[in-house]
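What follows is a set of notes on a single structure, which appears directly below.
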Amino acid sequence: MRSSGIAVAGGLVATLGLTACGGGSSGGSDPAKFDAAGGTAVAAECKAAPVKGGSLVYSRQAETQSLNPIDLRNGNGDIFASELLYNGLTRADPKGGDELLPGLAESWEVSNGGKTYTFKLRQGVKFSNGDPLTAEDVKFSLDRFGDPKINQILSVVAVGYDKATVVDDSTVRVDLTEPVAAFLYNISIFPAFIVPKKLVEEQGDAFWKTPVGTGPYRLKKFVRGSYIAFERNPHYWEDGKPYLDEVRFNFASDSNSRLLALKNDQAQIADGVPFSQIDPLKADKNVVLQQTKVPQFVGLWLNHKRAPLADLNVRKAMQLALDRDQIKNGIFKGAGSVPNSVLPPLKYDAGADQVPPYPFDLAQAKAEMAKSKHAQGFSTTLQYPAGYDYYKQLGLLLQNQWGQIGIKVKLIEEDGATGTDRFNSGDYDMTIPYAQFTSDLTVPDEYAGFLADPASGTNGFFSNWSDPAITKMVKTFATTPDEAERAKQWPVIQKAMLDQTPVINVINLPSITAHRTNVCGTDINALGADHLENTWLTTAKASR
Amino acid sequence: MTLYVLRRLALSVGVLFGLAVVTFFMIHLVPGDPVQLALGGRGTPEAVAEVRGQLGLDRPLLTQFGDFLGGVVTGDLGLSVAQNAPVTEIIGQRLAPSAILIVYGLFVALVIGVPLAIIAALRPNGVVDNGIRLVTTFAFAMPAFWLGLMLALIFGLSLKWFPVSGYESGIGGILRTLTLPAVTLGLSLAVVVVRTLRSSLLEVLQTEYIDAARSRGLGEWRVVGRHALRNAVMATITVLSVDIGFLIGGTVVVESVFQIPGAGSLLVESVRARDYELVQAIALIAGAAVVLLSLATDLLQATIDPRVRLAKR
Chain A
3 MRSSGIAVAG GLVATLGLTA CGGGSSGGSD PAKFDAAGGT AVAAECKAAP VKGGSLVYSR
63 QAETQSLNPI DLRNGNGDIF ASELLYNGLT RADPKGGDEL LPGLAESWEV SNGGKTYTFK
123 LRQGVKFSNG DPLTAEDVKF SLDRFGDPKI NQILSVVAVG YDKATVVDDS TVRVDLTEPV
183 AAFLYNISIF PAFIVPKKLV EEQGDAFWKT PVGTGPYRLK KFVRGSYIAF ERNPHYWEDG
243 KPYLDEVRFN FASDSNSRLL ALKNDQAQIA DGVPFSQIDP LKADKNVVLQ QTKVPQFVGL
303 WLNHKRAPLA DLNVRKAMQL ALDRDQIKNG IFKGAGSVPN SVLPPLKYDA GADQVPPYPF
363 DLAQAKAEMA KSKHAQGFST TLQYPAGYDY YKQLGLLLQN QWGQIGIKVK LIEEDGATGT
423 DRFNSGDYDM TIPYAQFTSD LTVPDEYAGF LADPASGTNG FFSNWSDPAI TKMVKTFATT
483 PDEAERAKQW PVIQKAMLDQ TPVINVINLP SITAHRTNVC GTDINALGAD HLENTWLTTA
543 KASR
Chain B
-19 MTLYVLRRLA LSVGVLFGLA VVTFFMIHLV PGDPVQLALG GRGTPEAVAE VRGQLGLDRP
41 LLTQFGDFLG GVVTGDLGLS VAQNAPVTEI IGQRLAPSAI LIVYGLFVAL VIGVPLAIIA
101 ALRPNGVVDN GIRLVTTFAF AMPAFWLGLM LALIFGLSLK WFPVSGYESG IGGILRTLTL
161 PAVTLGLSLA VVVVRTLRSS LLEVLQTEYI DAARSRGLGE WRVVGRHALR NAVMATITVL
221 SVDIGFLIGG TVVVESVFQI PGAGSLLVES VRARDYELVQ AIALIAGAAV VLLSLATDLL
281 QATIDPRVRL AKR
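Printed below as a string of structure tokens:
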């Protein structure tokens, strides 16, 4: 995202333990701490009972622009702020993993063949202004979620929504037009966050400037382009939480600035740690690196309107010619994992024993090319997002690896807006359309639907690929309410898609954050959102 | 003088109109759909069409351009699609940090540049002169990005005199947060001050009126500082006024390195988001700043040097 001059300077700066390249900005399940020096001592301190108080500064890659969870403008910059202010009826496990926990609903029942959900609301929940949460608020918010004129950014997750009905003060029933297996997941994320009906109706657009929610923090001050500060919501429904008095997101699009602020203790957490910084940060005894599994990948899209790429043998040859270990260690510094799916890591994914990944096998790749209609090789182009050192390196590596099976790849660096435009209009041969390519849900329904269900209206997720057999399987999967049945169906789809390889998942990527050793309870859920209600500082007492 | 100023102002309106035309059509020609980007790439075609209609982006380009010009006159610059907020409100919050940074940067350039130029001119081609030229050229040759990071590393991280990034308002806050950025800007500009001032000082120092001043027994510092500098500084002012455009551009990088919420970084974000309204507004304001500052420079020169007769130009 930075200018080329900055990227050039990056090489020099790296020698000082800093860098100029960007990186992902989410986190997720199964937090695996890196082997940071001093990690043991930190862990011991964090085992003590949490201490209340103190303020935390979080240096964030993405700027917050909108506090309206149904009308986001800047992806994670807005999502992570909304996560502090609001709650949904359900929520992802703060500790990570792809299971759902009760949120503002304490329980629910599914009936009518998966078409009716009846939610029992949590008792005694209040908004941050002290007003009680009512069933009317829930109905109002869910109806907004289900209205494509209001939910313009992510109406895909409102698929099948019909209406909500207030049954009594603490019960809300939701009716769907068809069974939607992922419904509880769909309402766990931002477009379905619950907001106070009365205030939103009374204040209109002005409400989102000083919003009120049930989340652990409430808005204190928002300075556009600079920072957003939150303070503890005294009415928050989880006992004793949050621990921090104040949280402040400082917006720092430049990775060097984020890491400098972290090293200087001007910030205690920083997100979007660049891959090139993994090794230098491991050596810093004041900092702990946290790597989290999220549904993020380097998705390399193939346009099936281009004859060679519509050839299955060619696509298989391309998969087999990829030396993913070299990519992982050379470019991503050992972070990331070899995928056994064309999609990012998702719930119900089978392991490598059941669905083996494509091995790196040049001889077999050449044999596949020989079997194809393009045995003599062909020329094509690959677009990738500008401003990221690691995509530049990846492009060169792919050019080299595919060159060995006769595919001549011309590299085209595109700025984000142009890349997205060309992707959406099908004007590409091969493209890495998004710098951070992450599923909105941990379940496969959204991405599998985009790729294989023509009803999504995206023409095979803009790849022009279709396979009626897989479409049928995906439709069945998305409307099967039974969990065990879904867990059986998905690996079959996963394997069928991998065999067809309509697109290429080059590598699964984690999100990497870094925090100072006095920060504990740095829970990140499976979608990469921090749960700062669980975060506390070992130094809180001293700082007060 | 009044006539001159009026004529220049009328000319400026023409220049700004040209700038508005170029900016408007260039940003619309670049590929990328602001609505699709604002909706995060997951908006359905219906949602995209609806928002485009709400923002009036579905109307003919000339109509949109006319509306934009009308907005400039009435002070209503429209709605930023990327930030979902009025353009005037967004820019209002981001102009001050950039303006202060530029003024502070100029101040630093002068504080460093003027004494060095005088010292260099007093002993031309000596060790000190060559040393000054070498050091300032070295500072100029360093990319602002690199120089800023080095300053942040030394004075922020190691010595802890200043924060490594961020912005605070108020005199104390500005001194704390904008000093390193201003030094970054100022150092790269100091060489311009030193070079132009040194050479014109050398020229002036050989004129007869300086000899006369010296022969009256005035001290060397007084001769240079009082008599020579006043004449020599004209060239520097001219060069600096041309460099205002460079300074405004330079803030983009410096604001990014130090995370200052200024107009420069806002412009970059807006271009990235194809936020037409914001891009047009910022380009126009920056253009207006350059035009007005160049006029101000001419007026300043006339004040300093009575030989400059503006009205007759």
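Taken in sequence, the protein lines are chains A and B.
Taking this note's numbering, the leading residue of the first sequence gets 3, the next gets one more, and so forth.
Taking this note's numbering, the leading residue of the second sequence gets -19, the next gets one more, and so forth.
Each residue gets a CB set at the ideal place from its N, CA and C atoms; glycine is no exception.
Bear in mind that the values here come from a model prediction, so they are computed numbers and not experimental data.
- If one requires a minimum length of 4 residues, the alpha helix (DSSP H) runs lying completely within the stretch 265 to 340 of chain A are 280 to 284, 314 to 322 and 326 to 332, in chain order.
- If you ignore the 5 residues before and after residue 85 of chain A, its C-beta comes within less than 6 angstroms of the C-beta of 531, all in its own chain and listed in chain order.
- By the C-beta criterion, the stretch 56 to 68 of chain B is judged to be in contact with the stretch 258 to 278 of chain B, since at least 3 inter-stretch pairs fall below 8 angstroms.
- The Cβ atoms of residue 491 of chain A and residue 473 of chain A lie no closer than 9 angstroms to each other.
- Under DSSP, residue 111 of chain A shares a beta bridge with A/120.
- Sequence-distant partners of residue 180 of chain A (beyond 5 residues in either direction) whose C-beta falls short of 8 angstroms from its own C-beta, in its chain, are 117, 162 and 481.
- What residue 434 of chain A touches in chain B, judged by beta-carbon distance under 7 angstroms, is nothing: the nearest beta carbon there is about 14 angstroms away.
- In this structure, DSSP gives residue 201 of chain B a helical state, which the three-state scheme calls helix.
- Listed along the chain, the chain B residues whose CB falls inside 8 angstroms of the CB of residue 150 of chain A are 24, 26 and 27.
- Shortest Cα-Cα distance from residue 283 of chain A to any of A/260, A/526, A/109 and A/298 involves A/260.
- By DSSP's assignment, residue 48 of chain A forms no beta bridge with any residue.
- Here the C-alpha atom of residue 379 of chain A lies approximately 26 angstroms from the C-alpha atom of residue 387 of chain A.
- Between residue 174 of chain B and residue 116 of chain B, the C-beta spacing is below 9 angstroms.
- Membership of residue 165 of chain A in the beta strand (DSSP E) is indicated by the continuous run 163 to 170.
- When the Cα atoms are used, residue 66 of chain A and residue 289 of chain A turn out to be separated by approximately 25 angstroms.
- Under the Cβ distance rule, residue 445 of chain A does not count among the residues neighbouring chain B, no pair being separated by less than 9 angstroms.
- DSSP, reduced to helix, strand and coil, places residue 439 of chain A within a strand of the structure shown.
- The C-beta of residue 194 of chain A comes no closer than 9 angstroms to any C-beta of chain B.
- Counting the other Cβ atoms within 10 Å of the Cβ of residue 1 of chain B gives fewer than 16, which makes it exposed.
- With fewer than three CB-CB distances shorter than 8 angstroms, the stretch 185 to 198 of chain B does not count as touching the stretch 45 to 55 of chain B.
- Per DSSP, reduced to three states, the secondary structure at residue 395 of chain A is helical.
- Its chain contains 374, 375 and 376 as the residues whose beta carbon lies nearer than 8 angstroms to that of residue 313 of chain A, once the 5 sequence neighbours on both sides are disregarded; these appear in chain order.
- At a cut-off of 9 angstroms, the C-beta of residue 114 of chain A has no neighbouring C-beta in chain B.
- Residue-level contact by beta carbon holds for residue 70 of chain A and chain B, with a gap shorter than 9 angstroms.
- The stretch 179 to 197 of chain A and the stretch 49 to 65 of chain A do not touch, with fewer than three beta-carbon pairs separated by less than 8 angstroms.
- DSSP places residue 224 of chain A within a strand segment (E or B) once states are collapsed to three.
- Chain order gives the chain B residues near residue 225 of chain A as 73 and 241, where near means a beta carbon separation below 8 angstroms.
- A Cβ-Cβ contact shorter than 9 angstroms links residue 87 of chain B with residue 166 of chain B.
- With 16 or more other Cβ atoms inside 10 Å of its own Cβ, residue 278 of chain A counts as buried.
- About 22 angstroms separates the beta carbons of residue 130 of chain A and residue 62 of chain A, which is beyond the 8 angstroms limit, so they are not a contact pair.
- Membership of residue 416 of chain A in the beta strand (DSSP E) is indicated by the continuous run 409 to 416.
- Scanning the stretch 181 to 226 of chain B from its first residue to its last, the whole alpha helix (DSSP H) runs of 4-plus residues come out as 188 to 195.
- If you check each beta-carbon in the stretch 48 to 79 of chain B against every beta-carbon of chain A, the ones closer than 7 angstroms belong to 62, 63, 64, 70, 73 and 74.
- At a cut-off of 9 angstroms between beta-carbon atoms, residue 144 of chain B makes contact with chain A.
- Straight across, the Cα-Cα distance linking residue 32 of chain B with residue 22 of chain B is about 15 angstroms.
- Where residue 515 of chain A is concerned, the enclosing beta strand (DSSP E) starts and stops at 506 to 518.
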